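Peer 1:
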Amino acid sequence: MTSRDRAKMLKKKQKDPITQRFNARSLVQSSGGDEQCWAFIPEKTSKGENIQVAKLKKTKGELNVRGEVSMAHLTAGITYEVVFEVKLLDGGSGWQFPVKTMLSAPPNADIPRQTNLYEKAEDEGWFELKVGDFTPESVGTGQVVTFQLRQEGEYEKKGLLLKGAVVRPKST
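Read in order, the letters of the sequence shown correspond to residues -10 to 161 in this note's numbering.
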């Protein structure tokens, strides 16, 4: 391989869109979560890696999990999708009411969605809760993309596991 070929390969590699992963602790803390509501427990991934997931112990107020990614970490013109990785536990409650997800990706308007987690969690394992898709027009602007998972209401909510969130290039 010539030095010219290596330079071309390096240039192509720098332009390839990357996947951004957000751990549960950063998402819960950014939304003001505290130890009364959340516990962090060890979990093994399917690849055998040890990670920490957030377990919602109990809350009677609003649930709000939030994250953000700088446009500078993305590739202009590539469509990305944002998902939360969640699981419902046996004995969980409060999920008969829809959760709301919101994606705010400038210059587009906010993209809200509503999902019933009981319908989504048919196999009782981890599943992806889609927040939305976006395509950055430019990336060096200092703008950020925010994403959140919310559920309002003064009823008890418990039994949700949060592994994290992923911002990744959308497969076609």
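Just so it is clear, CB atoms sit at the ideal spot from N, CA and C, and this is done for glycine as well. A quick note: this is a predicted structure, and the numbers were derived from the prediction, not measured.
Could you give the residue range of the beta strand (DSSP E) that holds glutamate 57?
Peer 2: Per DSSP, glutamate 57 belongs to the beta strand (DSSP E) from 52 to 59.
Peer 1: Along the chain, where does the beta strand (DSSP E) containing lysine 44 start, and where does it finish?
Peer 2: Element bounds for lysine 44: 39 to 45.
Peer 1: Straight-line CA distance for lysine 109 to glycine 83?
Peer 2: Each residue's alpha carbon lies about 14 angstroms from the other.
Peer 1: Any contact between the region 138 to 150 and the region 63 to 71? By contact I mean 3 or more CB pairs, one from each, below 8 angstroms.
Peer 2: In short, these stretches do not touch, since the Cβ pair count stays below three.
Peer 1: Would you be able to state if there are at least three C-beta pairs under 8 angstroms between the region 94 to 103 and the region 40 to 48?
Peer 2: No, they do not touch.
Peer 1: Can you check which of these residues, Leu52, Ser59 and Leu150, is closest to proline 87 by C-alpha distance?
Peer 2: Measuring from the Cα of proline 87, the nearest candidate turns out to be Leu52.
Peer 1: Run through DSSP, which three-state label would lysine 82 get?
Peer 2: Reading off the sequence shown, one finds serine at residue 82, where the question assumed lysine. Strand.
Peer 1: Could you give the distance in angstroms between the alpha-carbon of glycine 121 and the alpha-carbon of valine 17?
Peer 2: Spanning the two alpha carbons is a distance of roughly 20 angstroms.
Peer 1: With which residues is leucine 106 paired in a DSSP beta bridge?
Peer 2: Answer is none; leucine 106 lacks a bridge partner.
Peer 1: Buried or exposed: where does serine -8 fall if 16 or more other Cβ atoms within 10 Å of its Cβ makes it buried?
Peer 2: Low per-residue confidence applies at serine -8: pLDDT is 49, beneath 50, and the placement is therefore not dependable enough to give any value.
Peer 1: Please look up how many angstroms separate the CB atoms of valine 155 and valine 42, rounded, as I've assumed it's under 8 angstroms.
Peer 2: 14 angstroms between Cβ atoms; not a contact.
Peer 1: Leaving out the 5 sequence neighbours to the left and right, which residues in its chain are closer than 7 angstroms to serine 127 when beta-carbon positions are compared?
Peer 2: Answer for serine 127: Ala65, listed in chain order.
Peer 1: Restricting to Cα atoms, I'd like to know which of Gly142, Phe11 and Leu106 is closest to leucine 77.
Peer 2: The shortest C-alpha separation from leucine 77 is found at Leu106.
Peer 1: At the level of alpha carbons, what is the spacing between lysine 89 and arginine 55?
Peer 2: Looking at the two C-alpha atoms, the distance is approximately 12 angstroms.
Peer 1: Verify whether the separation of the beta carbon atoms of phenylalanine 136 and glutamate 57 is less than 9 angstroms.
Peer 2: It is a contact, given that the beta carbons lie within the stated cut-off.
Peer 1: Taking C-beta to C-beta, are isoleucine 40 and lysine 152 nearer than 9 angstroms?
Peer 2: The answer is yes: Cβ separation under 9 angstroms.
Peer 1: Quick one: grab the DSSP three-state call for serine 93.
Peer 2: Correct three-state label for serine 93: strand.
Peer 1: Three-state secondary structure (DSSP) at glutamine 9?
Peer 2: Three-state DSSP puts glutamine 9 in a strand.
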